[in-house]
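S.K.: This is the structure I want to talk about, given as structure tokens.
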Ligand code: NI
């Protein structure tokens, strides 16, 4: 059988696996059932050496016995704390948990890829390493843990993909260089002095100060950073007060900073502190600022990305290639790319004609399942190119 026939044959199984996983979502670092399902499925495929690098992750190695490169392919497996609002039969059966980012699809596609590649192992050289990662959605993420457990030892190149709802099914999104941002988090508390709302002069109003802090932080992007550089500063939560006639004693906020340039990234906390310090000082308030760096930038290396692009052109045709802009979303696939040159690409999964229009992390998020076949096909052909 040709590789394409093998992919066609496994398609229904990949759909079934995805639906099973979709029905049984598990949150980050709690992927016990998912990991067991993946392990058992891989153990039913001949020729794979299956291990559990960490409590809820799985790795399978396909060693061809012939000298060659080691290609790692990574899928993430975790779900999100969202109550699903889809009505289809295979909707989540677990209250408050949902595969709203498509990691169920990633896991199913990689299982399908493992099955197809093990059936064509005699045509390959080197090794394929299938990495089923836990906890992508929750910092510090599962990637670093798996790397510490040795999953990237000896790997020559690494690839991964994300199903992508904003991109139409049939398209593959490819970005060279920086592809996904470094996502950092901050927390600010403004300490004022509470009191009667009718006598504001006897208080230090943390809401008024906090409002100026929110505005001030916007000037980091518009006035303190080179307009040709890319950075996002978003305050996403502001909590203060209890009722209409009391000025509270403090206000809490949190938010995210997204950037691509490492130097710029390093400079943001100090800029932020300067604004917060100056504004609170002017009002006689005090502050606490906590800043935490998240994942690194997903950076697509040029030769591996060219391999992905050439493969997509061969398998799906020129029209399938979508030269995407980078996204400000974050991904701990970046950790694998620090250990080997790699490419993270996007598999179009949206389809307005079928009503598949909801964004990632939405309670009605879903994918066009035709994307599963496309994803497996592309993975299989990339492996065939890299390892022959
Ligand atoms: Ni995701």
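Numbering (this note's numbering), first residue to last: 1160 to 1547.
Think of the CB as a built atom: it goes at the ideal place given N, C-alpha and C, for glycine as much as any other residue.
Under 7 Å from any heavy atom of the ligand NI, does the C-beta of residue 1261 make it?
M.R.: The sequence position of residue 1261 within the chain shown is 102, counting from 1. Because some heavy atom of the ligand NI lies under 7 Å away, the Cβ of residue 1261 counts as near it: yes.
S.K.: Where do the N-terminal and C-terminal ends of the alpha helix (DSSP H) with residue 1192 fall, by residue?
M.R.: On the chain shown, residue 1192 is found 33 positions in, with the first residue counted as 1. 1191-1202 is the span of the alpha helix (DSSP H), which, as asked, contains residue 1192.
S.K.: In or out: residue 1289 buried (at least 16 other Cβ within 10 Å) or exposed?
M.R.: One-based indexing of the chain shown puts residue 1289 at position 130. It is buried - the Cβ of residue 1289 has at least 16 other Cβ atoms within 10 Å.
S.K.: From the DSSP secondary-structure annotation, give me the bridge partner or partners of residue 1321.
M.R.: Translated into the one-based positions of the chain shown, residue 1321 becomes position 162. In DSSP, residue 1321 forms a bridge with 1505.
S.K.: Which residues does DSSP pair with residue 1288 in a beta bridge?
M.R.: Start at 1 with the first residue of the chain shown, and residue 1288 comes out as number 129. In the DSSP output, where bridge partners are listed per residue, residue 1288 has 1220 and 1231.
S.K.: Can you give me the C-alpha to C-alpha distance between residue 1322 and residue 1377, rounded to a whole angstrom?
M.R.: Within the chain shown, numbered from 1, the residue matching residue 1322 stands at position 163. Within the chain shown, numbered from 1, the residue matching residue 1377 stands at position 218. Rounded to whole angstroms, residue 1322 to residue 1377 spans 32 Å at the Cα level.
S.K.: May I ask which residues mark the beginning and end of the alpha helix (DSSP H) holding residue 1449?
M.R.: Against the chain shown, residue 1449 aligns to sequence position 290. For residue 1449, there is no enclosing alpha helix (DSSP H); the residue is part of the beta strand (DSSP E) that begins and ends at 1445-1451.
S.K.: According to DSSP, residue 1393 sits in a beta bridge with which residue or residues?
M.R.: Walking along the chain shown from the start, residue 1393 turns up at place 234. Paired residue(s): 1415.
S.K.: Measuring from the CB of residue 1521, is there a heavy atom of the ligand NI at a distance below 7 Å?
M.R.: Working through the chain shown from its first residue, we reach residue 1521 at position 362. Incorrect: residue 1521 has no Cβ contact closer than 7 Å to the ligand NI.
S.K.: Would you identify the three-state DSSP class for residue 1431, choosing helix, strand or coil?
M.R.: Counted from its first residue, the chain shown places residue 1431 at position 272. Note: residue 1431 maps to helix in three-state DSSP.
S.K.: How do the region 1354-1368 and the region 1428-1435 stand: do at least 3 beta-carbon pairs fall below 8 Å, yes or no?
M.R.: no
S.K.: So residue 1462 is in the alpha helix (DSSP H); what residue range does that whole segment cover?
M.R.: Reading the chain shown from its first residue, position 303 is the one you call residue 1462. Its alpha helix (DSSP H) spans residues 1461-1475.
S.K.: Kindly give me the distance between the Cβ atoms of residue 1168 and residue 1336, rounded to whole angstroms, as I take these residues to be in contact under 8 Å.
M.R.: Taking the chain shown and counting its residues from 1, the one referred to as residue 1168 is at position 9. Taking the chain shown and counting its residues from 1, the one referred to as residue 1336 is at position 177. With a Cβ gap of about 37 Å, residue 1168 and residue 1336 do not count as contacting.
S.K.: Counting pairs of Cβ atoms below 8 Å between the region 1177-1186 and the region 1262-1270, do you hit three or more?
M.R.: Counting Cβ pairs under 8 Å, three or more are found: they touch.
S.K.: Determine whether the beta carbon atoms of residue 1490 and residue 1295 lie at a separation below 8 Å.
M.R.: Position 331 of the chain shown holds residue 1490. Position 136 of the chain shown holds residue 1295. Cβ atoms of residue 1490 and residue 1295: closer than 8 Å.
S.K.: How far does the beta strand (DSSP E) with residue 1339 in it extend, from its first residue to its last?
M.R.: One-based indexing of the chain shown puts residue 1339 at position 180. Note, residue 1339: beta strand (DSSP E), 1336-1339.
S.K.: Using the C-alpha atoms, what's the distance from residue 1324 back to residue 1249?
M.R.: Mapped onto the chain shown, residue 1249 falls at position 90. Mapped onto the chain shown, residue 1324 falls at position 165. Between the alpha carbons of residue 1249 and residue 1324 lies a gap of roughly 19 Å.
S.K.: Buried or exposed: where does residue 1351 fall if 16 or more other Cβ atoms within 10 Å of its Cβ makes it buried?
M.R.: By 1-based counting over the chain shown, the position of residue 1351 is 192. With 16 or more Cβ atoms within 10 Å of its Cβ, residue 1351 is classed as buried.
S.K.: Taking only three categories from DSSP, how would you classify residue 1343?
M.R.: On the chain shown, residue 1343 is found 184 positions in, with the first residue counted as 1. Note: residue 1343 maps to strand in three-state DSSP.
S.K.: Using 8 Å as the Cβ pair cut-off and three pairs as the minimum, do the region 1212-1230 and the region 1162-1176 touch?
M.R.: no
S.K.: So the candidates are 1436, 1372, 1197 and 1421; which of them puts its Cα closest to the Cα of residue 1413?
M.R.: Counted from its first residue, the chain shown places residue 1413 at position 254. The shortest C-alpha separation from residue 1413 is found at 1372.
S.K.: Taking 7 Å as the cut-off, is the C-beta of residue 1321 nearer than that to any heavy atom in the ligand NI?
M.R.: Here residue 1321 refers to the residue found at position 162 of the chain shown. Result yes, Cβ under 7 Å from the ligand NI.
S.K.: Just checking my contact of residue 1483 with residue 1334 at CB under 8 Å: how many whole Å lie between their CB atoms?
M.R.: Position 324 of the chain shown, counting from 1, holds the residue named residue 1483. Position 175 of the chain shown, counting from 1, holds the residue named residue 1334. With 8 Å as the limit, residue 1483 and residue 1334 qualify as a contact, their Cβ atoms being about 5 Å apart.
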